[in-house]
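Following: one structure in structure tokens, then a few remarks.
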Amino acid sequence: MHKDIATPVRTKEILDKYGFSFKKSLGQNFLIDTNILNRIVDHAELTDHSGAIEIGPGIGALTEQLAKRAEKVVAFEIDQRLLPILEDTLSPYPNVKVIHSDVLKADVQAVMKEEFGKQEDVMVVANLPYYVTTPILMKLLEERLPIRGIVCMLQKEVGDRISAKPGTKEYGSLSIAVQYYTKAETVMIVPKTVFMPQPNVDSAVIRLTLHEEPPVKVTDEKFFFQVTRSSFAQRRKTILNNLTSQLPDGKQKKESIQAALQQAGVEESRRGETLTIDEFAQLSNALYPYFH
Ligand SMILES: C[S@@+](CC[C@H](N)C(=O)[O-])C[C@H]1O[C@@H](n2cnc3c(N)ncnc32)[C@H](O)[C@@H]1O
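So for the sequence shown, my numbering puts the first residue at 731; every next one is plus one.
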């Protein structure tokens, strides 16, 4: 029986064997605690018929635990130096495919088709590089990949913003964007001590479960997201002032926004952070005809 990768001793052994040095700029903080990894994988609820996509396998600590539980694992790794290491550490797992690619540039949809075929249950599970957490999550969601959900480690502060409820200081356009596509929950808070090297920030694991239907009906998604982002442009400003300064110029702009706010039943003096997703949907639908 080989030893798990995710222990301080084995990780050091592997890093020394290959003379690997961490690149901070690639968000390389590897997990060295098998117990934490198993708890992360538990939240993905994989079966031996599931597929798993991992972003940033590092030296394979999480990949290994995924390979033990899923039918197949596909991992995207940007750092070429890790490829020979992964080939070595993951050699006991023929159900893993590592793809050398920046996930932000990859055609994930095509890879899924090629690697998973008709597999119906696919989860993304990752300890994300923190410098690109939001672009990666938004790419996965906006491309509407045929996945059940995402379980990922990220900076706790970003996790708090993603799962925030209206009326809290963490609630903003990121909360709305993610909650439009998914049910978002923080499922674990993770201490710095389980990483090598230890990150400077606190970490959390979130679980995003894709909605079968969007929770609200919007006329135009792009415009809906434009309205939500505009509404939070300056948090201390009212929704009327933010929208007036942010939306594109047009005939009687302020009057149109006031009319739309009234139609949507949203008082002009409210701040963006108090509106629910449903209210944002009503508002963007009411604004849409004035700006198109
Ligand atoms: C936080 S580490 C996680 C490593 C490993 N999964 C673990 O938990 O120990 C992030 C990993 O993502 C990789 N990475 C960074 N940016 C990436 C990108 N744009 N596309 C794919 N992988 C990336 C890094 O090289 C690193 O291996």
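C-beta atoms are modelled at their ideal positions from N, C-alpha and C, and glycine is treated no differently. Note that the structure is a prediction, hence the values are computed from the model and not measured.
About 14 Å separates the Cβ atoms of residue 879 and residue 916, ruling out a contact at the 8 Å cut-off.
Cβ-Cβ separation between residue 962 and residue 902: approximately 5 Å, consistent with a contact (criterion under 8 Å).
The C-alpha of residue 939 is placed about 25 Å away from the C-alpha of residue 790. From the listed residues 793, 896 and 883, the smallest Cα separation to residue 824 is found for 793. By the neighbour-count definition (other C-beta atoms within 10 Å, threshold 16), residue 741 is a buried residue.
Under the DSSP assignment, residue 764 falls outside any beta strand (DSSP E), being part of the alpha helix (DSSP H) whose first and last residues are 764 to 774. Where residue 938 is concerned, the enclosing beta strand (DSSP E) starts and stops at 933 to 940.
Runs of the beta strand (DSSP E) lying entirely within the stretch 876 to 950 and spanning at least 3 residues, in chain order: 879 to 885, 912 to 920 and 933 to 940.
The continuous alpha helix (DSSP H) containing residue 1010 extends over residues 1007 to 1017. Leaving aside the five residues that flank residue 1004 on each side, the residues in its chain whose CB is nearer than 8 Å to its CB run, in chain order, 896 and 897.
Contact between residue 816 and residue 787 holds: their C-beta atoms lie close to 6 Å from each other, under 8 Å. Boundaries for residue 972: no beta strand (DSSP E) harbours it, while the alpha helix (DSSP H) harbouring it runs 969 to 976, taken from the DSSP string. For residue 806, the enclosing beta strand (DSSP E) covers residues 802 to 807. Judged by DSSP in its simplified three-state form, residue 781 adopts strand.
Around the CB of residue 975, fewer than 16 other CB atoms lie within 10 Å, so the residue is classed as exposed. Under the three-state reduction of DSSP, residue 812 is assigned to helix. Apart from the 5 residues on each side of it in sequence, residue 868 sits with its Cβ closer than 7 Å to the Cβ of 907 in its chain, given in chain order. Relative to the Cα of residue 732, the nearest Cα in the group 814, 979, 819 and 927 belongs to 819. The distance from the Cβ of residue 770 to that of residue 935 is about 6 Å, consistent with a contact at the 8 Å cut-off. Per the DSSP secondary-structure output, residue 853 pairs in a beta bridge with 782 and 879. Excluding five sequence positions before and after residue 959, the CB atoms of its chain that fall closer than 7 Å to its own CB belong to 903, given in chain order. Assignment of beta-bridge partners to residue 829 by DSSP yields 806.
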